[in-house]
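Student: Quick one: the structure is below, questions incoming.
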Amino acid sequence: MRHTLFSVLIATLLLLVGTLVVNWQLWHSSDSDRAATAGHIARKIDAILDEARDATNTATRVALNGCSAQGEFELGTEAALQPHLRTIIILKNDSVWCTSLPGSRVLIVKPEAISDDNLLLMMPQSMVNGLPVLIFQTLIPDGKVIVSISDAHLRDALNSSFENTRFSFVVGNRVFDNNGKVVSLKTLSGVSATRTSYASTRYPFRIEYHRPAFFNLTRLMHQGTLFLLLLFLLSFTVAFLLRRYLDKYTTPEENLRKAIQNGEIIPFYQPVVNGRTGAMYGVEVLARWKHPKAGFISPAVFIPTAEKTGLIIPLTKSLMRQVVAQMRPIFGKLPDGFHIGINISASHINSPCFMHDCLQYQRGFDGKKVRLVLEVTEREPLLINNDLINNLNTLHSKGFGFALDDFGTGYSGLSYLNDLHIDYIKIDKSFVSRVSHIADSTLLLDCVIEMAKKLSLHIVAEGVETKEQLDYLNRQNITLIQGYYFWKPVSYINLIKILLSKSKEETVEI
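This is how it looks when you write it as structure tokens:
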């Protein structure tokens, strides 16, 4: 029942999220279309005003040459040939001096009272015929040129939208809507928070319109029907598959516990070599999950689970047993002092079984003088107390070495150096990877190396992958190297091949 409810919940959530995504896409598309339409309208009106500007140039020439019959003819011809213009008027000294209409007639009531703004929307009561017009003005010496544009052309431009959206033409504090009405902008203030505009970059006007509502059920049903149907089918399929999966689901902890019990967690070995000669100094034991179906699973996947759940202890015990079983047959190929490092978690060190596990691990190497090193990981904090210090000192006296693994990347590495008997520090790959030709790229690494030398600690550099990194470490007299430049982690069989290919003289003790 719980799995069913969870599956239904996830499916419902998927449907809701999908619906929101579809709704957003439809809203964004509608919003973009409206903005594009506003831009298209603005460009059409720009083109109309370009005609007015050309007519103004003609009127300016007439003003210079005098308002003769030829001048009136030129004005009349210009007004007639430009498809969107109504009249052209030249004012001088606040009086009508010349117009495109016969007899210097005008359609504007008191044109001399018009303000000098470049662009004006004239109210119907300001016109002789009672129809609003758009005025394009240009100042000239002793006067100005007035070009009027019919409201019909403005309505045509505003109604060119292919969608049911009302666009308005705004000049100054007046608005011309697609019904041909001119009203004050103040009457529209506060009407809607969704009102926005597209401003012309060439002339002082803008196109105003309402942005679409974010959620519109009608729009969603009409335009998103297919998407909603697909979402419903997808949600149903997810619920069905999730329910089947949950019925067979086992937690990562359970999977890992079974893997340990079934011997799927196996040791791999990464050689530690002398960086100058390439001779092998020892190996570090690394855990690998050999899954019967998925193949090898990275430790980055299962080690955090093991540490979080406490399975890191049985996992480490299993590795210890396997390492002993694998190493005993090849004792003859190992020189005295051969280094074998294995990672030990803080939870294992703090557990009651730690001493017993380590001593049992050591007894597996009876008859062979190998150097067993416990590499303390810093991913969890150690609970340092007298009992822990005594246990580690006891193990040290029995021949165990101690290393701080991934030094500087976790908890209290410097504190461990002060409180515990540490023989090695393993410089993490994150430090080594900084080595480059760039100046000061090794400052942090230099500090770590200098500190280790002053404390008389052996240094193992991890993650060495390039010759540039190796050369730097050799110059620093760091001879213990671990990384892909020499060897990747290898299986037991491949480790045997490596050892058989080398004489004991090619494995070194440092």
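The sequence shown maps to residues 1 to 510 in full-length UniProt numbering. Think of the CB as a built atom: it goes at the ideal place given N, C-alpha and C, for glycine as much as any other residue. Note that this is a predicted model, so its numbers are computed, not measured.
1) At what residue ranges does the region 306 to 364 contain a whole run of the alpha helix (DSSP H), taking only runs of 4 or more?
2) May I ask you to verify whether the region 272 to 292 touches the region 329 to 345, counting CB pairs closer than 8 Å and requiring at least 3?
3) Taking C-alpha atoms, which residue in His210, Phe296 and Ser345 lies nearest to Ser30?
4) Are the Cβ atoms of Phe167 and Ala35 separated by less than 8 Å?
5) Indicate the three-state DSSP secondary structure (helix, strand or coil) for Ile510 in the structure shown.
6) To the nearest angstrom, how far is it from the Cα of Gly332 to the Cα of Tyr492?
7) What are the partner residues of Asn274, as DSSP defines its beta bridges?
8) Would you kindly report the start and end of the unbroken beta strand (DSSP E) that includes Pro472?
9) Could you check the C-alpha separation between Glu74 and Asp142 for me, to the nearest Å?
10) I need the boundaries of the beta strand (DSSP E) containing Gly143, first residue and last residue.
11) Identify the residues that DSSP records as bridge partners of Gln82: which are they?
12) Taking the straight line between their C-alpha atoms, what separation do you get for Ile114 and Phe136?
13) Taking Leu315 and Ala287 to be in contact with their CB atoms under 8 Å, please state how far apart those CB atoms are, rounded to whole angstroms.
14) Would you identify the three-state DSSP class for Glu284, choosing helix, strand or coil?
15) Quick check: Arg86 and Ser150, are their CB atoms within less than 8 Å of each other?
16) Which complete beta strand (DSSP E) runs does the region 200 to 255 hold, if anything under 3 residues is left out?
17) Is it true that the CB of Leu388 sits closer than 8 Å to the CB of Asn350?
18) Could you pull the DSSP bridge partners for Ala461 from this structure?
19) Please report how far the alpha carbon of Thr305 lies from the alpha carbon of Gly401, in whole angstroms.
20) Kindly identify the DSSP beta-bridge partner or partners of Pro267.
21) Between which two residues does the beta strand (DSSP E) holding Ile114 run?
22) Determine, using beta-carbon pairs with one atom in the region 169 to 181 and one in the region 88 to 105, whether at least three such pairs fall under 8 Å.
23) Exposed or buried, what is Ala439 when buried is set at 16 or more other beta-carbons lying within 10 Å of its beta-carbon?
24) Could you pull the start and end residues of the beta strand (DSSP E) that residue 514 belongs to?
25) So, is Ile231 buried or exposed, given that buried needs 16 or more other C-beta atoms within 10 angstroms?
26) In whole angstroms, what is the alpha-carbon distance linking Thr277 and Val323?
27) Run through DSSP, which three-state label would Leu382 get?
28) Nearest-angstrom Cα distance between Leu119 and Leu64?
29) Is the Cβ-Cβ distance between His84 and Ile41 less than 8 Å?
30) If you follow the beta strand (DSSP E) that Cys67 is in, where does it begin and where does it stop?
31) How about the region 259 to 267 and the region 468 to 477: do they share at least three Cβ pairs that are nearer than 8 Å?
32) Could you check what DSSP says for Phe407 in three-state terms: helix, strand or coil?
33) Would you please state the rounded distance, in angstroms, between the beta carbons of Ser200 and Asp46? I believe it to be under 8 Å.
34) For Lys502 and Ser456, I'd like the C-alpha separation in whole angstroms.
35) What are the boundary residues of the alpha helix (DSSP H) that Leu499 is part of?
Tutor: Taking the coordinates as given:
1) 312 to 327, 346 to 349 and 354 to 363
2) yes
3) What you label residue 30 is simply residue 30 of the sequence shown in a count that begins at 1. The candidate whose alpha carbon is nearest that of Ser30 is His210.
4) By one-based count along the sequence shown, residue 167 stands at place 167. By one-based count along the sequence shown, residue 35 stands at place 35. No, Cβ-Cβ distance for Phe167 and Ala35 is not below 8 Å.
5) Mapped onto the sequence shown, residue 510 falls at position 510. Any reading at Ile510 needs caution, since the residue's pLDDT is 49, under 50, leaving its predicted position unreliable; the model's value is listed next. It is coil, neither helix nor strand.
6) To locate residue 332, count along the sequence shown from 1; it is residue 332. To locate residue 492, count along the sequence shown from 1; it is residue 492. C-alpha separation (whole angstroms): 16 Å.
7) Here the question's residue 274 lines up with position 274 in the sequence shown. DSSP lists Leu480 as partners of Asn274.
8) For the purposes of this step, residue 472 is taken as residue 472 along the sequence shown, with counting starting at 1. For clarity, residue 472 is Tyr in the given sequence; the question names Pro instead. No beta strand (DSSP E) holds Tyr472; the alpha helix (DSSP H) holding it covers Lys467 to Arg475.
9) Numbered from 1 along the sequence shown, position 74 holds the residue referred to as residue 74. Numbered from 1 along the sequence shown, position 142 holds the residue referred to as residue 142. Between Glu74 and Asp142, the C-alpha separation is close to 21 Å.
10) As a first step, residue 143 is located in the sequence shown; it is residue number 143 there, counting from the start. Counting along the chain, the beta strand (DSSP E) containing Gly143 begins and ends at Gly143 to Ser150.
11) Taking the sequence shown and counting its residues from 1, the one referred to as residue 82 is at position 82. According to DSSP, Gln82 bridges with nothing at all.
12) Your numbering for residue 114 matches position 114 in the sequence shown. Your numbering for residue 136 matches position 136 in the sequence shown. Roughly 11 Å between the two C-alpha positions.
13) Counting from one through the sequence shown, the residue named residue 315 turns up at place 315. Counting from one through the sequence shown, the residue named residue 287 turns up at place 287. That pair is a contact at about 7 Å.
14) Within the sequence shown, residue 284 is the residue found at index 284, counting from 1. Note: Glu284 maps to strand in three-state DSSP.
15) Within the sequence shown, numbered from 1, the residue matching residue 86 stands at position 86. Within the sequence shown, numbered from 1, the residue matching residue 150 stands at position 150. A contact, by the Cβ cut-off of 8 Å.
16) 206 to 210
17) Looking up residue 350 in the sequence shown gives position 350. Looking up residue 388 in the sequence shown gives position 388. Yes. Within cutoff.
18) Here the question's residue 461 lines up with position 461 in the sequence shown. Partner(s): Ile427 and Ile481.
19) In the sequence shown, the residue the question calls residue 305 occupies position 305. In the sequence shown, the residue the question calls residue 401 occupies position 401. Going from the Cα of Thr305 to the Cα of Gly401 covers about 27 Å.
20) Numbered from its first residue, the sequence shown carries residue 267 at position 267. DSSP, once it has assigned bridges, lists Ala287 as partnering Pro267.
21) As a working mapping, residue 114 is identified with position 114 in the sequence shown. Element bounds for Ile114: n/a, residue is neither H nor E.
22) no
23) Residue mapping note: residue 439 aligns to position 439 of the sequence shown, counting from 1. Per the 10 Å Cβ criterion, exposed.
24) Past the boundaries of the shown model lies residue 514; the chain is included only from 1 to 510, so the question cannot be answered.
25) Along the sequence shown, one-based indexing puts residue 231 at 231. A small correction: the amino acid at residue 231 is Leu; Ile does not occupy that position in the sequence shown. It counts as buried.
26) On the sequence shown, residue 277 is found 277 positions in, with the first residue counted as 1. On the sequence shown, residue 323 is found 323 positions in, with the first residue counted as 1. Computed Cα separation, rounded: 27 Å.
27) Reading the sequence shown from its first residue, position 382 is the one you call residue 382. DSSP places Leu382 in coil when its eight states are reduced to three.
28) As a working note, residue 119 is residue 119 in the sequence shown. As a working note, residue 64 is residue 64 in the sequence shown. In a straight line, the C-alpha of Leu119 is about 23 Å away from that of Leu64.
29) To locate residue 84, count along the sequence shown from 1; it is residue 84. To locate residue 41, count along the sequence shown from 1; it is residue 41. No, they are not a contact pair.
30) Here residue 67 is taken as the residue at index 67 of the sequence shown, counted from 1. From DSSP, Cys67 is part of no beta strand (DSSP E); its letter is neither H nor E.
31) no
32) Stepping through the sequence shown from its first residue, residue 407 is reached at position 407. Phe407 falls in the strand class under three-state DSSP.
33) Numbered from its first residue, the sequence shown carries residue 200 at position 200. Numbered from its first residue, the sequence shown carries residue 46 at position 46. Ser200 to Asp46, Cβ: 6 Å. Contact.
34) For the purposes of this step, residue 502 is identified with residue 502 of the sequence shown, where counting begins at 1. For the purposes of this step, residue 456 is identified with residue 456 of the sequence shown, where counting begins at 1. Cα to Cα, Lys502 sits roughly 30 Å from Ser456.
35) Start at 1 with the first residue of the sequence shown, and residue 499 comes out as number 499. That run of the alpha helix (DSSP H) goes Tyr492 to Leu500.
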